[in-house]
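J.:
2 protein chains.
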Amino acid sequence: MSDLERSIIEKLQVVPGERFSLKDRDPRDSSLFGDEKETKAATATLAKSIDALQDRLYSEGSRALLIILQGTDTSGKDGTIRSVFNSTGPLGVSVHAFGPPSRLELEHDYLWRVHAACPRRGTIGIFNRSHYEDVLIAKVRGLASKEAVEQRYEQINAFEKMLVENGTTILKFMLHISKDEQKERLQARLDDPAKHWKFNPSDLEDREHWDEYQEAYEIMLQRCSTPHAPWHVIPADRKWVRNAAIASIVKATLEDMNPQYPNVSWNPGDFTIP
Amino acid sequence: MSDLERSIIEKLQVVPGERFSLKDRDPRDSSLFGDEKETKAATATLAKSIDALQDRLYSEGSRALLIILQGTDTSGKDGTIRSVFNSTGPLGVSVHAFGPPSRLELEHDYLWRVHAACPRRGTIGIFNRSHYEDVLIAKVRGLASKEAVEQRYEQINAFEKMLVENGTTILKFMLHISKDEQKERLQARLDDPAKHWKFNPSDLEDREHWDEYQEAYEIMLQRCSTPHAPWHVIPADRKWVRNAAIASIVKATLEDMNPQYPNVSWNPGDFTIP
Numbered sequence: 001m002s003d004l005e006r007s008i009i010e011k012l013q014v015v016p017g018e019r020f021s022l023k024d025r026d027p028r029d030s031s032l033f034g035d036e037k038e039t040k041a042a043t044a045t046l047a048k049s050i051d052a053l054q055d056r057l058y059s060e061g062s063r064a065l066l067i068i069l070q071g072t073d074t075s076g077k078d079g080t081i082r083s084v085f086n087s088t089g090p091l092g093v094s095v096h097a098f099g100p101p102s103r104l105e106l107e108h109d110y111l112w113r114v115h116a117a118c119p120r121r122g123t124i125g126i127f128n129r130s131h132y133e134d135v136l137i138a139k140v141r142g143l144a145s146k147e148a149v150e151q152r153y154e155q156i157n158a159f160e161k162m163l164v165e166n167g168t169t170i171l172k173f174m175l176h177i178s179k180d181e182q183k184e185r186l187q188a189r190l191d192d193p194a195k196h197w198k199f200n201p202s203d204l205e206d207r208e209h210w211d212e213y214q215e216a217y218e219i220m221l222q223r224c225s226t227p228h229a230p231w232h233v234i235p236a237d238r239k240w241v242r243n244a245a246i247a248s249i250v251k252a253t254l255e256d257m258n259p260q261y262p263n264v265s266w267n268p269g270d271f272t273i274p
Numbered sequence: 001m002s003d004l005e006r007s008i009i010e011k012l013q014v015v016p017g018e019r020f021s022l023k024d025r026d027p028r029d030s031s032l033f034g035d036e037k038e039t040k041a042a043t044a045t046l047a048k049s050i051d052a053l054q055d056r057l058y059s060e061g062s063r064a065l066l067i068i069l070q071g072t073d074t075s076g077k078d079g080t081i082r083s084v085f086n087s088t089g090p091l092g093v094s095v096h097a098f099g100p101p102s103r104l105e106l107e108h109d110y111l112w113r114v115h116a117a118c119p120r121r122g123t124i125g126i127f128n129r130s131h132y133e134d135v136l137i138a139k140v141r142g143l144a145s146k147e148a149v150e151q152r153y154e155q156i157n158a159f160e161k162m163l164v165e166n167g168t169t170i171l172k173f174m175l176h177i178s179k180d181e182q183k184e185r186l187q188a189r190l191d192d193p194a195k196h197w198k199f200n201p202s203d204l205e206d207r208e209h210w211d212e213y214q215e216a217y218e219i220m221l222q223r224c225s226t227p228h229a230p231w232h233v234i235p236a237d238r239k240w241v242r243n244a245a246i247a248s249i250v251k252a253t254l255e256d257m258n259p260q261y262p263n264v265s266w267n268p269g270d271f272t273i274p
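Chains A and B, in that order, are what the protein sequence lines are. Counting in full-length UniProt numbering, the first sequence runs from 1 upward without gaps. Counting in full-length UniProt numbering, the second sequence runs from 1 upward without gaps.
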């Protein structure tokens, strides 16, 4: 892990057990990185390193990496996936987007569909939204009782601990944008006909609840950043900063996992290809 | 569809109902394309077009594209996915690799696991191997009775027809390599320690059955190339030819599907972002 990577993680992580305020994190912060153009080039290099490390993870075949992306509408979850993971491609990365639960899913506990979507060994799985919606929108919109939401933080921590103990490394990223930046991005969807389909009038209703969402995020970050599955708050107003931060943390984490090509039980000289 | 794309499809398709011999198809053929370097550049451009078309497919949200890749060991299924689909990335493409069926899967009919893995609307799904193994390895290695295998061709055609009638376009590619080319590629896996994990001694057993596999492929191609889900035999000894051919056919097919950004039921002027 490079010094830069270490300082990125230290600065962006929500330290387990420490008091945390979302207001202390500036969505426009770019102080961790230098020049924009150079940083973008470095991110592309990191994406290639992630691809090479994923190849080793796949060959090793015994562990998985689960990346959880959370953030309000327009915070850039899709854009992050493209910038950081297209070099690895669909062969090594699977994305699961969680929308409103289906009727069948509602007939189960809220972690049922999540568990079913966890990545298989050797692969990187990305959750585009996740079980954290069950303590975010569920809390703000009252889709579950206060008691149920209150229980979920510890349930989630226990669930994630089980995943980690069984070979899945977990990285959690909250894409932190400002209310002004969201306004600009929503307006862009209104202004550009090719983006109209991305605009959902109900996004404006969520925007009316902005402060309540921020509060729900803050509680979630505080209670569910654990030593085994830490949260990182990513300054996401600037896309290049967001991509660089996430690529750095993913690459450092994979390097730390240090997956190995497996030893084979034969000698190359044992075989002649007929 | 360009003239080149049309000629590629005409040359590589297995024409439904016509007598077909695999020996008439040369795995080293590169006559459809010109210069290697220019063709590679054109393939990269096609990959970008596929990405743009997938964006429309996703926004439209009513249809899917299923791509089935079949081919012997080392025929380049993984390499094809990287070259043609990394531009689109894991956000729009999901890959499902079919290995030997699990115990649970064996407790169901052979199409059960396949159906479950079909792509959702708005996405491109790639099968790395598929239900066609059930008329290939199952036939050559006697994993199913002759009667059962014999019934499967029509079962598969009916299954695929149902998928097509319900909104999934299907493209099937057999990556056709020569026995000599396979020898070189297997030897490369023995020679390079970083590729040792890719070498499976049992691949050599399959190689001993080379002629039987070719015959099983020929029957499968003849009987399961249908107007609704045609087979294409891709000359795959040269990777750049393989990638160019598949990228061309995928791009032409998506263009033919012509997915549309959906009309929205509101006017941009109706909204002011607060």
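All C-beta atoms, glycine included, are put in the ideal place defined by N, C-alpha and C.
1. Would you mind sorting B:Trp266 into buried or exposed? The rule is 16 or more other CB atoms within 10 Å of its CB.
2. Using the C-alpha atoms, what's the distance from B:Pro193 back to A:Gln182?
3. Does any residue of chain B have a CB that is nearer than 8 Å to the CB of A:Gln187?
4. Please list, in chain order, the chain B residues whose beta carbon lies closer than 9 Å to that of A:Arg19.
5. Within 8 Å (strictly less), CB to CB, does B:His232 reach chain A?
6. Would a C-beta distance cut-off of 8 Å place B:Arg82 and A:Leu53 closer than the cut-off?
7. I'd like to check one pair, B:Ile67 with B:Leu171: are the Cβ atoms closer than 8 Å?
8. Hey, A:Glu160 and A:His228 are a contact pair by Cβ (cut 8 Å); roughly how many whole angstroms apart?
9. Is any beta-carbon of chain B found at less than 8 Å from that of A:Arg207?
10. Could you check the C-alpha separation between A:Ala236 and B:Ser248 for me, to the nearest Å?
11. By the 8 Å beta-carbon criterion, what residues does the segment 48 to 76 of chain A contribute toward chain B?
12. Among B:Asn263, B:Lys239 and B:Gly17, which has the Cα closest to the Cα of B:Arg28?
13. Pick out whichever of A:His108, A:Trp210 and A:Ser102 has its Cα sitting closest to the Cα of A:His176.
14. Could you pull the start and end residues of the alpha helix (DSSP H) that B:Thr80 belongs to?
15. Can you tell me whether DSSP reads residue 290 of chain A as helix, strand or coil?
16. Measure the alpha-carbon distance for A:Ala47 versus A:Ala41 and round it to whole angstroms.
17. Report the rounded CA-to-CA distance for A:Leu134 versus A:Leu106, giving the unit in angstroms.
18. With a threshold of 8 Å between beta-carbons, can B:Asp24 be considered close to chain A, or not?
19. Exposed or buried, which one is A:Arg152 when buried takes at least 16 other CB atoms within 10 Å?
20. Bridge partners for B:Asn128 per DSSP, in chain order?
21. According to the neighbour-count rule (16 or more other Cβ atoms, all chains shown, within 10 Å of its Cβ), is B:Asn243 buried or exposed?
22. Whole angstroms are fine: how far does the CA of B:Cys118 sit from the CA of B:Asp270?
23. On the premise that A:Gly122 lies in contact with A:Gly61, defined as a C-beta separation below 8 Å, what is that separation, rounded to the nearest angstrom?
24. Does the Cβ-Cβ distance between A:Ser87 and A:Ile137 come in under 8 Å?
25. Going by alpha carbons, who is nearest to B:Arg19 out of B:Asp109, B:Cys224 and B:Gly167?
26. At least one CB of chain A closer than 8 Å to the CB of B:Gly99: is that the case?
27. Closest Cβ-Cβ distance between A:Ile273 and chain B: below 8 Å?
28. For B:Met174, which three-state DSSP category applies?
29. Quick one: is residue 277 of chain B near chain A, going by C-beta distance under 8 Å?
30. Can the beta-carbon of B:Asn166 be found less than 8 Å from the beta-carbon of B:Thr226?
31. Pull out every residue of the segment 115 to 144 of chain A whose Cβ sits closer than 9 Å to any Cβ of chain B, in chain order.
32. Using a threshold of 8 Å, state whether the C-beta atoms of A:Leu254 and A:Phe173 are closer than that.
33. Note down, in chain order, every chain A residue with its Cβ under 7 Å from the Cβ of B:Asn243.
34. Can you give me the Cβ contacts of B:Val114 inside the same chain, cut-off strictly under 7 Å, excluding the 5 residues immediately before and after it?
35. Go ahead and label A:Thr72 buried or exposed: buried means 16 or more other beta carbons lie within 10 angstroms of its beta carbon, across all protein chains shown.
36. Can you check whether the C-beta of B:Ser202 is within less than 8 Å of a C-beta belonging to chain A?
T.: Looking at the coordinates:
1. Numbered from 1 along the second sequence, position 266 holds the residue referred to as residue 266 of chain B. Result: exposed.
2. Residue 182 of chain A sits at position 182 when you count from the first residue of the first sequence. Residue 193 of chain B sits at position 193 when you count from the first residue of the second sequence. Distance between the alpha carbons of A:Gln182 and B:Pro193 is about 50 Å.
3. What you label residue 187 of chain A is simply residue 187 of the first sequence in a count that begins at 1. So yes, A:Gln187 belongs to the interface.
4. Here residue 19 of chain A is taken as the residue at index 19 of the first sequence, counted from 1. Within chain B, no residue comes near A:Arg19; the closest Cβ sits about 32 Å away, beyond 9 Å.
5. Position 232 of the second sequence holds residue 232 of chain B. No, no contact with chain A.
6. For the purposes of this step, residue 82 of chain B is identified with residue 82 of the second sequence, where counting begins at 1. For the purposes of this step, residue 53 of chain A is identified with residue 53 of the first sequence, where counting begins at 1. Contact: no.
7. Stepping through the second sequence from its first residue, residue 171 of chain B is reached at position 171. Stepping through the second sequence from its first residue, residue 67 of chain B is reached at position 67. Result yes, Cβ atoms of B:Leu171 and B:Ile67 sit closer than 8 Å.
8. Looking up residue 160 of chain A in the first sequence gives position 160. Looking up residue 228 of chain A in the first sequence gives position 228. With a Cβ gap of about 7 Å, A:Glu160 and A:His228 count as contacting.
9. By 1-based counting over the first sequence, the position of residue 207 of chain A is 207. Cβ-Cβ to chain B under 8 Å: yes for A:Arg207.
10. Locating residue 236 of chain A in the first sequence gives position 236, counting from the first residue. Locating residue 248 of chain B in the second sequence gives position 248, counting from the first residue. Cα to Cα, A:Ala236 sits roughly 37 Å from B:Ser248.
11. Ser59
12. Here residue 28 of chain B corresponds to residue number 28 of the second sequence, with the count starting at 1. With distances taken between Cα atoms, B:Arg28 lies closest to B:Lys239.
13. The sequence position of residue 176 of chain A within the first sequence is 176, counting from 1. Nearest C-alpha to A:His176: A:Trp210.
14. Within the second sequence, residue 80 of chain B is the residue found at index 80, counting from 1. Residues Lys77 to Phe85.
15. What the structure shows of chain A is the stretch from 1 to 274, and residue 290 of chain A is not part of that stretch, so it cannot be assessed.
16. Within the first sequence, the letter at position 47 stands for residue 47 of chain A. Within the first sequence, the letter at position 41 stands for residue 41 of chain A. Those two C-alpha atoms are separated by around 10 Å.
17. Here residue 134 of chain A is taken as the residue at index 134 of the first sequence, counted from 1. Here residue 106 of chain A is taken as the residue at index 106 of the first sequence, counted from 1. According to the sequence provided, residue 134 of chain A is Asp. The question's Leu does not apply to it. In a straight line, the C-alpha of A:Asp134 is about 12 Å away from that of A:Leu106.
18. Position 24 of the second sequence holds residue 24 of chain B. No, B:Asp24 lies away from the interface with chain A (no Cβ there is under 8 Å from its Cβ).
19. Position 152 of the first sequence holds residue 152 of chain A. A:Arg152 should be labelled buried.
20. Taking the first residue of the second sequence as 1, we reach residue 128 of chain B at position 128. Answer is B:Leu69 and B:Ala97, bridged to B:Asn128.
21. One-based indexing of the second sequence puts residue 243 of chain B at position 243. With 16 or more other Cβ atoms within 10 Å, it is buried.
22. Looking up residue 270 of chain B in the second sequence gives position 270. Looking up residue 118 of chain B in the second sequence gives position 118. For B:Asp270 and B:Cys118, the distance between alpha carbons rounds to 39 Å.
23. Taking the first sequence and counting its residues from 1, the one referred to as residue 61 of chain A is at position 61. Taking the first sequence and counting its residues from 1, the one referred to as residue 122 of chain A is at position 122. So it is a contact: roughly 4 Å between Cβ atoms.
24. Counting from one through the first sequence, the residue named residue 87 of chain A turns up at place 87. Counting from one through the first sequence, the residue named residue 137 of chain A turns up at place 137. In this structure, A:Ile137 does not lie closer than 8 Å to A:Ser87 by Cβ.
25. Counting from one through the second sequence, the residue named residue 19 of chain B turns up at place 19. B:Arg19 has its Cα closest to that of B:Cys224, out of B:Asp109, B:Cys224 and B:Gly167.
26. Residue mapping note: residue 99 of chain B aligns to position 99 of the second sequence, counting from 1. Not an interface residue.
27. For the purposes of this step, residue 273 of chain A is taken as residue 273 along the first sequence, with counting starting at 1. Yes, its Cβ sits closer than 8 Å to a Cβ of chain B.
28. Numbered from its first residue, the second sequence carries residue 174 of chain B at position 174. DSSP places B:Met174 in strand when its eight states are reduced to three.
29. Here chain B has residues from 1 to 274 only, and residue 277 of chain B is not among them.
30. As a first step, residue 166 of chain B is located in the second sequence; it is residue number 166 there, counting from the start. As a first step, residue 226 of chain B is located in the second sequence; it is residue number 226 there, counting from the start. For B:Asn166 and B:Thr226, no; Cβs fall outside 8 Å.
31. Ile124, Ile126 and Asn128
32. Translated into the one-based positions of the first sequence, residue 254 of chain A becomes position 254. Translated into the one-based positions of the first sequence, residue 173 of chain A becomes position 173. No, they are not a contact pair.
33. In the second sequence, residue 243 of chain B corresponds to position 243, counting from 1. Going along chain A, no residue has its Cβ under 7 Å from B:Asn243, so there is no contact; the nearest lies around 13 Å.
34. By one-based count along the second sequence, residue 114 of chain B stands at place 114. These residues qualify, in order along the chain: Ser130 and His131.
35. Here residue 72 of chain A is taken as the residue at index 72 of the first sequence, counted from 1. Counting Cβ neighbours within 10 Å, A:Thr72 comes out buried, since at least 16 surround it.
36. Translated into the one-based positions of the second sequence, residue 202 of chain B becomes position 202. No, no contact with chain A.
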